[in-house]
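A short write-up of the structure that comes next.
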Amino acid sequence: MKKRSRRRSFGAGILMGGALLLAGSGYAVVNAETTPSPEPIAAEGSVEQIQVGRQLFLEGCSSCHGLEGQGIEADNATGGNGGPSLIGVGEAAVDFQVSTGRMPLAVPEAQAARKPPTYSQAEIDAMAAYIATLGPGPANPTEEELDLEDANIAEGGEIFRTNCTQCHNFAGSGGALTNGQYAPSLMDATPEQIWQALVTGPQQMPVFSNETITPEEKKNLIAYIESLKVEPNNGGLALGRLGPVTEGLFLWTAGLLSLIAVAIWIGAKVR
Amino acid sequence: MSTHDNLPATTAGDEAAAIEAAAAALPAHKPRRTDVDPKAARRAERQVSLMFLGSAVMTVLFVVAFVAIPVDESVYIWGFGTVNASNIALGVTFGLAIFLIGAGAIHWSKKLMNEKEEIQLRHSLASTDEDREAAVEAFDDYSADSGFAQRPIIRRSLLTAMALFPIPLIVMLRDLGPLPEEILRETLWKPGSRIITDPTGRPVRPSDLAIGGLISAMPADLPLVQEEEGNLNARAKAAIILVRMEPQEIVSQQGDNWDYGGILAFSKICTHVGCPIALYEQRTHHLLCPCHQSTFDLADSGNVVFGPAARRLPQLPITIDPEGFLVATDGFAEPVGPSFWERGDA
Chain U
302 MKKRSRRRSF
312 GAGILMGGAL
322 LLAGSGYAVV
332 NAETTPSPEP
342 IAAEGSVEQI
352 QVGRQLFLEG
362 CSSCHGLEGQ
372 GIEADNATGG
382 NGGPSLIGVG
392 EAAVDFQVST
402 GRMPLAVPEA
412 QAARKPPTYS
422 QAEIDAMAAY
432 IATLGPGPAN
442 PTEEELDLED
452 ANIAEGGEIF
462 RTNCTQCHNF
472 AGSGGALTNG
482 QYAPSLMDAT
492 PEQIWQALVT
502 GPQQMPVFSN
512 ETITPEEKKN
522 LIAYIESLKV
532 EPNNGGLALG
542 RLGPVTEGLF
552 LWTAGLLSLI
562 AVAIWIGAKV
572 R
Chain R
69 MSTHDNLPAT
79 TAGDEAAAIE
89 AAAAALPAHK
99 PRRTDVDPKA
109 ARRAERQVSL
119 MFLGSAVMTV
129 LFVVAFVAIP
139 VDESVYIWGF
149 GTVNASNIAL
159 GVTFGLAIFL
169 IGAGAIHWSK
179 KLMNEKEEIQ
189 LRHSLASTDE
199 DREAAVEAFD
209 DYSADSGFAQ
219 RPIIRRSLLT
229 AMALFPIPLI
239 VMLRDLGPLP
249 EEILRETLWK
259 PGSRIITDPT
269 GRPVRPSDLA
279 IGGLISAMPA
289 DLPLVQEEEG
299 NLNARAKAAI
309 ILVRMEPQEI
319 VSQQGDNWDY
329 GGILAFSKIC
339 THVGCPIALY
349 EQRTHHLLCP
359 CHQSTFDLAD
369 SGNVVFGPAA
379 RRLPQLPITI
389 DPEGFLVATD
399 GFAEPVGPSF
409 WERGDA
């Protein structure tokens, strides 16, 4: 019976989370002042929130990651789905993977792709709180750390060009890796998700911890990526900002075809 | 005159007959609409002049846009996104100005200019037999006169002189610059060189690097050297990356204990043609070059597993100094970067 009541409160949580999202709030942080009792998902870091998170984890994640988040080896004989251990991945990893829709995985393939998230932010927070109890791991950035107001975009650009362009392209458009894997475009990533990706190293991405790229430098880096998003295409049609590949393709198709069309017009018989 | 004389039995009468025959073989001339309908002709006339006038307007607009639109102004255009207003305006007006002149000229010639078929007779391109014989005869005469065949010493010395003449050109290639000597074999790395982050210039402690982490790094003296030399040559050779993996994941290294607790340092310069290389897949420990997809296995001595690179990626032996920061134990054991002529096999 206790379980059912928790489920009901959790259902109200979804409603509340959705309503808050609709209201334009980026984060459905439960606030005691604006939400009358009963609280949908309990206060940040409370036992109740962790219990809700564990429940969500058992329902949505444990088939691949194991009942205790210990991971399951891929095995056809036992039907093991092959999810990695989540012990010590930290709340940042959970928030990144679930808020970008990469988890839960729709289908096992070369790489988990970005898709609309399945869970509300309140649910993600609860799951992240539960996973964080399994072992210490990278934490989410604070609001102050993501305050891009006074960021040094020029220095961020230097860090970006040294550390990020190889995979994510000079304009953050992403690029190919091996065996069907790829570095995704950064244009859809929120500042918080970029931060989380840096500190957790999702999939093939290396980890850029707060010691190798300090929080201050991360802020500058993220401010630079944000500036790329609003950068006008001074050269005209951007063609995906992928450089010579799409530009060459465009010239060889659209450019050549229009030249051929003009040549046909010049040579056509007049009636 | 002489060529005409050589044409087989050509007279004015024959030519006229040939032209007549060719004209008869042509399909009947069909007049264009603009030839028979004065209204259509006037319409075509208007179209052509409109194109020319359009070009004139575009030229004027180009100048206006050049003066009036600030260079840093952006504008949203559907399908293009946000673009630089000046750039687009100048490109479109100038492009149309030149295109409309050409298009008007084509339209004019197609619709209004005379399109009567002309017939022009061709004759064989080869000279007549008499001309050819005369040429051979003349060549033989002059050849005998020169004594080229009868005076072998002159012939051979001339051929020798001409064969040797291009040699200075090849010798001068040698003068394009000094040989690289040791420049390509040396980097700034030497025993005890402290490793600092690129571009932020902080020394690195082993604990700074998480498992699966990656740091682009350089020797601590690089910023100063770079400023003194005023170029990027030192950086182009000394750039490295640090990666960290579980020590038991390391299959082999280029030297005994060249890692420090699972932290490996490799040259960041691809051994194929020298692109900076840092597409690191932390789960496979593969490092990809973005230029030609050469792939190196950093867990296995940096050996090439794919792509056009012919040699493994040089590894830098590292340890820590008394203050606990990562330093190079020694310089690179082999030249970094792409192959060069004098490199040898080492």
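Note that the protein sequences, when read in sequence, are chains U and R. Position 63, counted from 1, in the first sequence is what the working numbering calls 364; the numbers after and before it change by one each time, with no gaps. Position 238, counted from 1, in the second sequence is what the working numbering calls 306; the numbers after and before it change by one each time, with no gaps. All C-beta atoms in this analysis are idealised placements derived from N, C-alpha and C, irrespective of residue type, glycine included. Since the model is a prediction, treat every value here as computed from it, not as a measurement.
Can you check whether the CB of residue j is closer than 7 Å to the CB of residue i?
i       : j       : result
A429(U) : E374(U) : no
P409(U) : G361(U) : no
L384(R) : I308(R) : yes
A452(U) : K520(U) : yes
L366(R) : L310(R) : no
T491(U) : S284(R) : no
V395(R) : G260(R) : yes
V404(R) : P390(R) : no
L522(U) : F471(U) : no
C287(R) : A304(R) : Strictly speaking, residue 287(R) in this sequence is Pro, with Cys absent from that position. No, the pair does not count as a contact, with Cβ atoms beyond the cut-off.
K258(R) : G392(R) : no
G149(R) : N535(U) : no
Q412(U) : Q482(U) : yes
I187(R) : A90(R)  : yes
If distances are taken between C-alpha atoms only, which option among the options comes closest to residue i?
i       : options                            : result
Q352(U) : V408(U), A427(U), C468(U)          : A427(U)
A346(R) : N325(R), G370(R), G329(R), G323(R) : G370(R)
V125(R) : Q316(R), L292(R), I166(R), L356(R) : I166(R)
R572(U) : L356(R), P315(R), K178(R)          : K178(R)
W496(U) : Y420(U), Q398(U), G568(U), V563(U) : Q398(U)
V508(U) : E450(U), F551(U), P439(U), T479(U) : P439(U)
V143(R) : F134(R), N155(R), V135(R)          : N155(R)
I454(U) : E512(U), S474(U), E527(U)          : E527(U)
E424(U) : G346(U), C468(U), G367(U), W553(U) : G346(U)
So with Cβ pairs under 7 Å, would you call residue i a contact of chain U?
i       : result
A278(R) : yes
V395(R) : no
D389(R) : no
V151(R) : yes
R351(R) : yes
F167(R) : no
D266(R) : yes
V404(R) : no
Quick check: is the beta carbon of residue i nearer than 7 Å to any beta carbon in chain R?
i       : result
G556(U) : no
Q412(U) : no
P507(U) : yes
P533(U) : yes
Q467(U) : yes
E527(U) : no
L543(U) : no
S510(U) : yes
F501(U) : The question names Phe, but residue 501(U) is Thr in the sequence shown. T501(U) does not count as touching chain R.
N332(U) : In this prediction, N332(U) has a pLDDT of 40, which is less than 50 and means its spatial position is unreliable; what the coordinates show is noted afterwards. Not closer than 7 Å to any Cβ of chain R, the Cβ of N332(U) fails to qualify, so no.
T513(U) : yes
L546(U) : The displayed chain sequence assigns Val, not Leu, to residue 546(U). Judged by the 7 Å Cβ criterion, V546(U) is not in contact with chain R.
T336(U) : Note that T336(U) scores 37 on pLDDT, short of 50, meaning its location in the model is unreliable and no value can be drawn from it.
S559(U) : no
E459(U) : yes
What residue does the alpha helix (DSSP H) around residue i start on, and which one ends it?
i       : result
H354(R) : Where H354(R) is concerned, there is no enclosing alpha helix (DSSP H), although the beta strand (DSSP E) it sits in stretches over 354-356.
F461(U) : 454-464
S284(R) : Run containing S284(R): none in the alpha helix (DSSP H); it sits in the beta strand (DSSP E), 282-287.
Just curious, the beta strand (DSSP E) that residue i is in, first and last residue?
i       : result
L394(R) : 394-396
R312(R) : 308-312
T265(R) : 263-265
T443(U) : Looking at the DSSP string, T443(U) is not in any beta strand (DSSP E), and its letter there is neither H nor E.
E349(R) : 347-349
A333(R) : 331-335
T363(R) : 363-365
I145(R) : 142-145
V151(R) : 149-152
Is residue i helix, strand or coil by DSSP?
i       : result
S400(U) : helix
F408(R) : coil
T419(U) : coil
Q115(R) : helix
N371(R) : strand
I222(R) : helix
I137(R) : coil
P213(R) : For the record, residue 213(R) in the displayed sequence is Asp; it is not Pro. It is helical.
D489(U) : coil
G325(U) : A caution first: G325(U) carries a pLDDT of 48, below 50, which makes its placement in the model unreliable, though a value can still be read off. It is coil, neither helix nor strand.
P382(R) : coil
I458(R) : For residue 458(R) there is no data in the structure shown, the boundaries of chain R being 69 and 414.
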